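Engineer: Quick note: the sequence shown uses the working numbering, first residue 934, plus one each step. One structure is given below, represented as structure tokens, and several questions about it will come after.
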Amino acid sequence: MCRLLGFAAAGSNTSLNGVLGMQTVRDFRDLSEIHNDGWGSALVTVPSESPYLRDGGAPTPETGTTIYKNTVAARHDPIFDELANAPARGGLWHLRLASSNLPLILENQQPFYANGLSFIHNGDISDDQGRNIITNRAFPVDPNIVQSTGGRSDSAIFFAVILQYIGFGFALDEAVAQAVRELRKSYPKSSYNCMIQSQDRFIALCAAGREVTSKRIVEIYDQYGRGDQAHDYRVMRYRALGESEADQAAGQLKGVVVASSGFDQRAEDGWTRLENDRMIVASNRTGAFRVRSI
934 MCRLLGFAAA GSNTSLNGVL GMQTVRDFRD LSEIHNDGWG SALVTVPSES
984 PYLRDGGAPT PETGTTIYKN TVAARHDPIF DELANAPARG GLWHLRLASS
1034 NLPLILENQQ PFYANGLSFI HNGDISDDQG RNIITNRAFP VDPNIVQSTG
1084 GRSDSAIFFA VILQYIGFGF ALDEAVAQAV RELRKSYPKS SYNCMIQSQD
1134 RFIALCAAGR EVTSKRIVEI YDQYGRGDQA HDYRVMRYRA LGESEADQAA
1184 GQLKGVVVAS SGFDQRAEDG WTRLENDRMI VASNRTGAFR VRSI
């Protein structure tokens, strides 16, 4: 049960602060008062070194990937502000509120990373009796692929199912769609809101089994006096980059930013709701994006 944020820009390095502005980034970070079970980030970057140079090891990469994870809440970690200002042409950000009975260990912090893909998820994949998918040894997923994600949670299993469909030859966006269809056969009411990125693509999916916020989430937010921020808990919104006059004046790159709710996302600022069972499919090279159904 987490908060998600991601963006894809047009092939050149920007930063999270450049995409959202410092105050909005602080508003997102401050959600870790509640989502305080650790955080993480995955940045796709254009390295400063020339690509393909042979320097004694592997050739220098054309695209770099930075992964950072911590079990400390984001608002208490000074690295958050450093990474929010770090150059990247795409990125994922994850604030964790751990699913029921799952341990607070580094292996379960997100983003997960495998096969050149970074992945974040907001949801508790459990049945009506509260039994999490990690207890279902009969679920048809290759345990070796789950192990490759580095995680031990329901989110790691979700990622592994996506990886299986990629292995079957599906494109990234369709692999995500196929994975949700597969998981919903056994867990139809669970939330599959997620984001995944490669060196070329950024996918953000809204696929909530229950659009009404659960009683437990409302109670948790009420404990912090922030119950008004829980009513649209499973909602995701997106905003095109580089379209407004302010963006153009600031030299903003074309692209898209997508986020869970919880901070100010006003329609007059260009934010649009991503409807349930819809996904953003974007290029972090051109900034072009589209919305498709699953």
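The beta-carbon is built from N, C-alpha and C at its ideal position, and this holds for glycine as well. Given the structure is predicted, the values throughout are model-derived calculations rather than measurements.
For R1225, count neighbouring C-beta atoms within 10 Å of its own C-beta (all shown protein chains included) and say buried if the count is 16 or more, exposed if not.
Structural biologist: By the neighbour-count rule (16 or more Cβ atoms within 10 Å), R1225 is not buried but exposed.
Engineer: Under 8 Å, do S981 and Y1001 count as touching if we go by C-beta distance?
Structural biologist: No, Cβ-Cβ distance for S981 and Y1001 is not below 8 Å.
Engineer: Beta-carbon separation of A1007 and F1013 under 8 Å?
Structural biologist: Taking 8 Å as the Cβ cut-off, A1007 and F1013 qualify as a contacting pair.
Engineer: Taking A1137 and G944 to be in contact with their CB atoms under 8 Å, please state how far apart those CB atoms are, rounded to whole angstroms.
Structural biologist: The pair is not a contact, with the Cβ atoms about 19 Å apart (cut-off 8 Å).
Engineer: Suppose the cutoff is 6 Å on Cβ atoms and the five residues either side in sequence are ignored; what does the same chain contact list for G1195 look like?
Structural biologist: Excluding residues within five positions, the ones whose Cβ falls inside 6 Å are R936, L964, Q1162.
Engineer: Are V1191 and L1174 touching if we call contact CB-CB under 8 Å?
Structural biologist: It is not a contact, given that the beta carbons lie outside the stated cut-off.
Engineer: Taking the runs of the alpha helix (DSSP H) that are 4 residues or longer, which of them lie wholly in the region 1151-1226?
Structural biologist: Correct list: 1178-1182.
Engineer: CA-CA distance, V1214 and R1117?
Structural biologist: So the two alpha carbons sit approximately 21 Å from each other.
Engineer: Assuming S1119 and G1142 form a contact by the criterion Cβ under 8 Å, report the distance between their Cβ atoms to the nearest whole angstrom.
Structural biologist: Not really, about 12 Å apart at Cβ, beyond 8 Å.
Engineer: Which residues in the same chain as S1131 place their Cβ atom closer than 7 Å to its Cβ, once the five residues preceding and following it in sequence are excluded?
Structural biologist: Within the same chain, S1131 has close Cβ partners G1049, L1050, L1105.
Engineer: Does F1072 come out as helix, strand or coil in the three-state DSSP assignment?
Structural biologist: It is coil, neither helix nor strand.
Engineer: Cutting at 8 Å between CB atoms, please list the residues of its own chain near D970, excluding the five before and the five after it.
Structural biologist: Excluding residues within five positions, the ones whose Cβ falls inside 8 Å are T1004, A1006, R1029, L1030, A1031, L1037.
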